[in-house]
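Please read the structure below before turning to the comments.
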Amino acid sequence: MTEVVATNETILVVGGGISGLTAAIEAAETGKQVVLVEKRPYLGGRVTQLYKYFPKLCFPTCGLEINQRRARQNPNITVLTLAEVTDISGDKGNYKATVRISPRYVNDNCTACGDCAKAVEAEFDDEYNYGLSRRKGAYLPYRMAQPSRYVLDPRIIGTPDADKAKAACKVDAIDLDMQPQDLSFPCGAVIWATGWQPYDAARIQPYGYDRFPNVITSVEFERMADPNGPYAGRIVRPSDGREAKKVAFIQCAGSRDRNHLLHCSRICCMASLKQATYVSDAYKDAADVTVYYIDLRAIDRFEDFYNKVRAIPQVKYVKSKPASIVADKDGNPVVHGVDTEGYNRYAERFDLVVLAIGMEPAVPKDGFPVPIVVNREGFIEAAPENGGIFAAGGASDALDVNRAVQHATGAALRAIQVVNSVRGMEV
Amino acid sequence: MAAEKKLAGYICTGCGIGERLNVEQMRTIATREGKLGACKTHPMLCGAEGVQMIRDDIAAGEATHVMIGACSRRSKMEAFSFPDAAMSRANLREGVLWLRPDTEEQKETTQEMADDYIRMACAEVRFMTVPSASGEQELNKTLLVVGGGVTGMTAALEAARAGYPVHLVAEENHLGGVWTDLYKRVPFRAAAADVVGSKDIDLPQPEDPGVDALAERIRANERITVHLNARITRTSGAPGRFSADISTESGGTVTENVGAIVQASDFKPYDASNLPEFAYGKSPDVVTNFELERLAKDANGGPIRRPSDGKEVTSVAFIQCAGQRSDKPGHLPYCSGFCCTESIKQAMYFREQNGADATVLFDDLRTPGAAGEDFYRSGQQAQVTFSKGKASEVVSENGTLKVHFKDLILNEDTAMDCDLVVLATGQVPNTGPDPYAQLAVEEAETEEEKDAARRKLENAPPSILNLDYRQGTDLPQLKHGFVDSHFICFPYETRRTGIYAAGPCRRPMDMKQAMEDAVGAALKAIQSAENAGRGAAVHPRVGDLSYPQFRKEGCTQCKRCTVECPFGAINEDEQRYPLFNESRCRRCGTCMGACPVRVISFENYSIDTVGQQIKNVDMPDEFSEKPRILALACENDAYPALDMAAQAAQMGDGIELTPFARVIPVRCLGSVSLSWITDALNTGYDGIVLMGCRRDDDYQCHFVRGSAMAAERLSKVGDTLQQMQLETERVAVYEVAITDIQRAPQLINDMAATIEKVGMNPFKM
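Residue numbers (this note's numbering), protein chains in the order written: chain A, 215 to 641; chain B, 3 to 767.
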């Protein structure tokens with residue numbers, strides 16, 4: 215059974231992505247007690263699924279390695295994975311949180327040796343790869359997953375596979391009798407860092423995401439480009455595995471759109487510029503990339519990166535929000551629309567279309583277990599009515615990683631202000 | 003510290019170690035060659051029972067130094083955590099078993115690899131000491147915030163609200179800084195209410211700037227001491243014991259002791275006299291976005307009048323990106339990030355107060371996020387005209403202004419008349435001189451170079467902090483004069499420990515972001531002061547109590563350490579010996595790597611903890627056909643890549659590592675001492691592979707310059723090899739990323755192939 219030792223000087227951080235992880239670490243390194251609750255079986259959230267970061271084109275796992283080490287070494291942090299906050303009651307400085315922990319069926323004896331995965335036969339869509347590949351019913355979500363413990367998919371419990379996994383484990387790490395557990399503990403302040411999720415691309419009907427295999431989202435493309443991902447880093451067409459050299463990026467797919475998300479998702483322009491480099495790196499002169507955009511929002515210093523990508527002759531820019539995508543008889547997506555610079559109609563055939571998909575809050579507006587001020591898009595606003603509950607990162611707005619981390623660091627201070635006042639701290 | 007060293011080894015036999023390796027032989031090696039007092043084995047060392055066994059031995063005084071032969075140091079970190087003991091870990095599982103095929107013919111070389119890792123871990127731990135703070139650390143919870151603008155005020159107020167006293171220093175005679183003249187600010191929030199019948203019903207409107215209210219709260223806060231008309235004329239010390247001279251215009255100076263510093267020096271408005279094409283300076287009716295705020299403030303809700311003749315403005319044009327996003331001389335190459343929403347706000351003044359036509363000429367309208375996009379809608383709802391166009395010239399004719407521009411939608415050159423033109427100009431960082439430009443003057447070897455270096459500083463701005471650091475007076479700059487460091491994962495990974503930049507001196511930003519940034523920087527300053535009080539390092543080696551120790555008698559005053567430290571932690575004393583400031587130190591070991599006479603060390607990381615590992619490898623003779631390859635791998639990127647290669651191999655993807663490799667993780671390639679390289683070559687290593695991280699403008703080294711410094715030093719290894727009459731291919735330096743799971747082992751295997759080609763090292767000992 216998991217136990218949590220907490221007081222009303224404890225800070226609860228909800229969400230273990232880059233924002234929650236940052237908030238937890240920064241508060242803990244300032245000497246505060248933190249309980250970090252994460253829904254997935256591992257920490258790191260969506261940045262773990264990115265191949266590279268803009269604008270440095272460096273690898274998210276590099277910074278993650280440091281953050282994981284900081285979190286693991288810090289005795290002030292208690293991490294609960296596969297856990298969700300179901301209730302928060304009380305007031306600023308004196309909350310009671312209830313958390314439901316789902317069974318992992320693997321205890322901390324696990325050495326991540328992989329014997330259970332080898333023994334199990336059942337396979338499921340791999341959510342880490344947005345379903346672009348399959349994984350076993352006993353799995354390590356990805357290589358750097360922390361905690362570095364395997365997970366048993368609940369769908370194999372009660373099947374012979376579960377017994378095979380248990381039999382294969384030499385260190386008695388598999389506990390098929392694990393039950394969901396509800397935990398309640400006090401805390402003084404709450405940092406809400408539940409982040410974002412990609413907008414459902416199938417709802418953008420004219421783009422045919424659900425009809426054409428060669429229309430994919432930017433988050434899927436990120437997995438595709440990763441050499442350690444489901445396509446071993448080859449930029450290809452999902453329909454037939456052929457090289458995808460002629461690639462369209464459609465900006466504001468779901469964003470800045472009255473039919474979908476009203477807001478600008480901020481990151482998509484930069485993400486598409488970054489992803490354009492994946493194509494040009496892979497195919498050099500043979501690459502042929504078009505970015506369809508309304509405004510290219512390479513804000514502040516990111517302009518340098520825009521200039522860098524603009525210098526790649528294989529990448530063109532068309533100011534247009536495409537009207538529709540159809541597939542020709544060979545399954546090639548054809549993008550239709552009007553170029554607003556000069557009002558020319560176009561119908562351009564591509565190997566692959568990548569939708570720069572919008573970010574929406576991961577928690578729906580009515581999904582919070584506590585009253586909280588959100589705007590019409592469901593992002594949490596900084597408001598005195600929120601008491602000792604503070605948003606961090608993507609739960610507060612569509613943010614890039616840098617701004618999410620910046621915001622989360624500030625959220626740590628706001629939570630510390632509350633718990634210090636509980637303590638009556640006089641300096 | 004316990005006076006008597008008790009060396010104890012623990013070898014795990016789980017995860018296949020017991021099945022594939024001769025554990026008894028490793029135990030013997032650990033006690034005989036490794037000189038451990040005892041070496042126990044356990045079938046599952048990381049389990050509760052195994053860990054308890056080690057804990058009991060430590061508690062009983064049976065083990066002060068612990069050698070663990072099990073998995074990678076990155077695995078089971080939580081289980082193998084013994085703060086009271088020195089610890090080394092022999093990586094038998096990932097480092098040996100998983101990267102080696104389980105075949106009969108490979109058994110011998112695989113076992114030799116494991117044996118060597120035991121020898122190395124024993125040697126390492128013998129030379130380690132449990133770090134303890136020096137006792138010189140001080141706890142000072144007072145912060146210094148430099149800059150009286152919105153950024154600085156927010157940092158001060160938020161730190162004070164957490165209980166920390168603050169000295170707030172403003173250059174002006176009032177609080178507010180560059181934000182003082184704001185009439186209204188761009189709203190911080192998005193619309194709250196849902197769309198009703200496809201109509202936005204509560205779009206955010208320009209709001210009170212809040213600057214006066216903020217200043218009032220500062221004045222009312224008893225934890226905050228405000229110093230007006232003041233500059234910092236000297237800063238010395240280190241986190242926990244900074245001392246700052248605050249000098250006022252009237253000539254008085256007070257010295258305050260503070261624990262940490264926030265630099266919130268904001269920005270300077272761009273000098274629009276660089277924009278003659280837009281008639282700035284020729285017509286008083288061409289104003290910048292900053293000047294327009296003053297006009298709006300004077301109008302105080304009534305119609306805004308144009309400066310030339312006081313006429314109410316009936317039409318106004320906003321030229322976006324004026325002097326920005328441009329590579330012309332005198333222009334800013336970057337986007338200032340705040341001017342699009344700023345112009346929308348100002349255009350709305352004219353719609354509301356004058357009923358005037360307001361046109362925004364833009365290339366890309368950049369209003370990100372929910373609040374940004376809603377404010378754009380707000381401008382549209384107020385019937386501001388947004389026109390995608392690029393202005394080329396403004397001409398003043400008979401009291402009207404004509405703006406010539408290219409309409410990018412219609413693709414034609416056109417012009418519009420208006421009463422007033424507002425240039426959306428950018429933010430120029432208000433920062434001090436580049437410290438590395440200052441250092442370059444001193445470091446220049448010839449008079450010519452010195453002159454060139456001096457010229458670079460000719461138009462340098464005055465210092466903000468006046469640090470008395472060996473490495474210059476101010477925070478290092480990243481690009482375009484902004485003071486920053488790493489800007490993705492760690493926006494507050496400062497290069498001057500204990501000093502955190504916030505707001506537009508760090509990167510261009512709007513008020514909302516500057517205020518958020520100030521809160522983050524305040525937290526980091528508080529954290530730095532608290533950790534300095536414990537003698538503990540901050541990011542990335544958080545909590546490390548070791549610090550550089552220095553044997554003065556051996557020092558030749560060569561200054562390499564004081565020049566190369568990426569964090570400017572080392573000053574020089576009057577006799578030009580290095581003066582370490584431990585709480586400025588981030589424990590990367592670059593100074594240790596830089597020192598040619600090996601007098602710098604850390605208790606838990608030293609010339610010996612690595613050098614003895616190198617020496618203790620069993621060296622087969624020249625005719626054995628068993629070369630030895632030393633791989634020094636950055637512990638943050640290359641070493642994890644090798645671990646993950648092992649994971650991949652274990653799950654069957656065919657990666658192998660040559661059994662001749664001996665891999666040692668290093669804190670940073672910058673910490674690598676050339677003596678390790680020459681010693682290795684002298685004792686018979688056939689090849690050496692050094693793996694650090696990327697070091698160009700997009701550097702990934704979290705010790706900032708460590709990898710670059712190492713590359714520079716190692717470029718001279720070729721001379722050593724030539725002197726020894728060895729082939730230069732025997733030493734290879736690579737940039738390796740954490741994702742190089744295939745490549746990292748391949749680079750080492752390539753060295754094995756190179757050795758096959760060039761032959762064994764004749765200097766076998």
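We put the beta carbon where it would ideally sit given N, CA and C, even for glycine.
The Cβ atoms of Gln-395/A and Met-573/A do not sit closer than 9 Å to each other.
Along the region 225-293 of chain A, the alpha helix (DSSP H) occurs as fully enclosed runs of 4 or more residues at 232-242, 274-287, listed in sequence order. Leaving aside the five residues that flank Ala-274/B on each side, the residues in its chain whose CB is nearer than 6 Å to its CB run, in chain order, Tyr-282, Thr-290, Leu-425, Thr-427.
Taking 9 Å as the CB threshold, Glu-591/A lines the interface with chain B. Pro-667/B and Tyr-701/B have their C-alpha atoms spaced approximately 20 Å apart. In the DSSP secondary-structure assignment, Thr-312/A is bridged to Asp-301/A, Ser-398/A.
A straight-line Cα-Cα distance of about 43 Å links Glu-314/B and Val-505/A.
One thing to note: His-541/B has its Cβ no nearer than 9 Å to the Cβ of Asn-638/B.
The secondary-structure analysis by DSSP pairs Pro-747/B with nothing; it has no beta-bridge partner.
Across the region 353-377 of chain B, CB contacts with chain A closer than 9 Å involve Phe-364, Asp-365, Asp-366, Leu-367, Arg-368, Thr-369, Pro-370, Gly-371, Ala-372, Ala-373, Gly-374, Glu-375, Asp-376, in sequence order along the chain. Excluding residues up to 5 positions away in sequence, Asn-323 lie with their Cβ nearer than 6 Å to the Cβ of Asp-386/A in the same chain.
For Asp-519/B, the closest alpha carbon among the candidates Tyr-497/A, Gln-620/A, Leu-510/A is that of Gln-620/A. By the Cβ rule, the region 583-603 of chain A does not count as touching the region 495-503 of chain B, because fewer than three pairs are nearer than 8 Å. Residues of the same chain with a CB within less than 6 Å of the CB of Asp-339/A, apart from the 5 flanking positions on each side, are Gly-345 in chain order. Counting other Cβ atoms within 10 Å of its Cβ, Asn-356/B reaches 16 or more and is therefore classed as buried.
The CB of Gln-529/B comes closer than 8 Å to the CB of Glu-240, Glu-243, Thr-244 in chain A, given here in chain order.
Taking C-beta separations shorter than 6 Å and ignoring five residues to either side along the sequence, the partners of Ala-360/B in its chain run Val-318, Ala-349, Phe-352, Arg-353, Val-386, following chain order. Its chain contains Gly-325 as the residues whose beta carbon lies nearer than 6 Å to that of His-333/B, once the 5 sequence neighbours on both sides are disregarded; these appear in chain order. Straight across, the Cα-Cα distance linking Cys-41/B with Lys-143/B is about 46 Å.
In the structure shown, the three-state DSSP call for Ala-61/B is helix.
Contact note: Asn-638/B reaches chain A through Cys-276, Glu-279, Ile-280, using a C-beta cutoff of 8 Å and chain order.
For Gly-391/B, the uninterrupted beta strand (DSSP E) segment begins and ends at 387-399. In the structure shown, Thr-361/B adopts extended strand secondary structure according to DSSP, grouped into three states. Per DSSP, the unbroken beta strand (DSSP E) holding Phe-320/B starts and ends at 317-321.
Nearest CB-CB separation between Val-521/B and chain A: below the 9 Å threshold. In this structure, DSSP gives Ser-603/B an extended state, which the three-state scheme calls strand. As summarised for the region 340-419 of chain A, the continuous beta strand (DSSP E) elements at least 3 residues long and confined to that stretch are 348-350, 395-401, 403-406, 410-412, given in chain order. Neighbours of Phe-273/A across chain B, judged by C-beta separation under 7 Å: Ala-739, Ile-740, Thr-741. In the DSSP assignment, Arg-563/A falls within the unbroken beta strand (DSSP E) covering 558-563. Annotation note: the region 161-196 of chain B contains the following uninterrupted beta strand (DSSP E) runs of length 3 or greater, listed N- to C-terminal: 168-171. Here Val-424/B carries a strand assignment [DSSP, helix/strand/coil]. Per DSSP, the continuous alpha helix (DSSP H) segment holding His-621/A begins and ends at 615-637.
Taking the Cα of Gly-242/B as reference, the smallest distance to any Cα among Gly-535/B, Val-619/B, Ser-90/B is reached at Gly-535/B. Leu-145/B places its beta carbon 9 Å or farther from that of Val-127/B.
Annotated three-state conformation of Tyr-12/B is strand, per DSSP.
Beyond the five residues adjoining it in sequence on each side, Val-228/B comes within less than 6 Å, by CB distance, of Leu-170 in the same chain, given in chain order.
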